[in-house]
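The opening residue of the sequence shown carries number 25 in our numbering; numbering runs sequentially from there.
From the three backbone atoms N, C-alpha and C, an ideal C-beta is built for every residue, glycine too.
Here is the structure we will look at.
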Amino acid sequence: MSALELYNRDRERRPTLEQIAGHLGISKRGAHLALKMGKGMQEQGLTDPFIPLTEAPENASRWRHKQTA
């Protein structure tokens with residue numbers, strides 16, 4: 025079960041981050057990040073957090089070609 029599913033289970037009495045973390049066996053910070061990511065994915069209509077890249081991003085320093093001497 026995901027953090028967002030736990031959060032949305034009972035809208036009248038939402039669980040705290042400590043309760044979500046305890047149920048999932050993660051830290052409170054991890055529960056916060058999981059909840060934030062779940063909400064963002066839901067807003068964008070995504071079910072999978074991984075989006076395949078078909079081309080290099082505009083600003084990705086590690087994707088630049090290295091100059092050899």
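Please report the straight-line C-alpha distance between residue i and residue j, rounded to a whole angstrom.
{"i": "residue 77", "j": "residue 46", "result": "35 angstroms"}
{"i": "residue 79", "j": "residue 36", "result": "44 angstroms"}
{"i": "residue 48", "j": "residue 92", "result": "48 angstroms"}
{"i": "residue 44", "j": "residue 27", "result": "6 angstroms"}
{"i": "residue 64", "j": "residue 84", "result": "22 angstroms"}
{"i": "residue 25", "j": "residue 75", "result": "22 angstroms"}
{"i": "residue 66", "j": "residue 34", "result": "17 angstroms"}
Could you pull the start and end residues of the alpha helix (DSSP H) that residue i belongs to?
{"i": "residue 36", "result": "No alpha helix (DSSP H) contains residue 36, which DSSP labels as neither H nor E."}
Counting only the same chain and skipping the five closest in sequence on each side, list residues whose C-beta sits under 6 angstroms from that of residue i.
{"i": "residue 41", "result": "52, 55 and 56"}
{"i": "residue 86", "result": "none"}
Throw me the rounded Cβ distance for the residue i and residue j pair, which I believe falls under 8 angstroms.
{"i": "residue 31", "j": "residue 59", "result": "6 angstroms"}
Grab me the residues of residue i's own chain with a C-beta within less than 8 angstroms of its C-beta, minus the 5 sequence neighbours each way, in chain order.
{"i": "residue 61", "result": "73"}
Could you pull out every residue in the same chain whose Cβ sits closer than 7 angstroms to the Cβ of residue i, ignoring the five residues on either side in sequence?
{"i": "residue 39", "result": "30 and 31"}
Output the residue ranges of the alpha helix (DSSP H) runs that lie fully inside the region 44 to 85 and measure 4 residues or longer, sorted by chain position.
If we require 4 residues or more, the alpha helix (DSSP H) runs fully inside the region 44 to 85 come out as 52 to 68.
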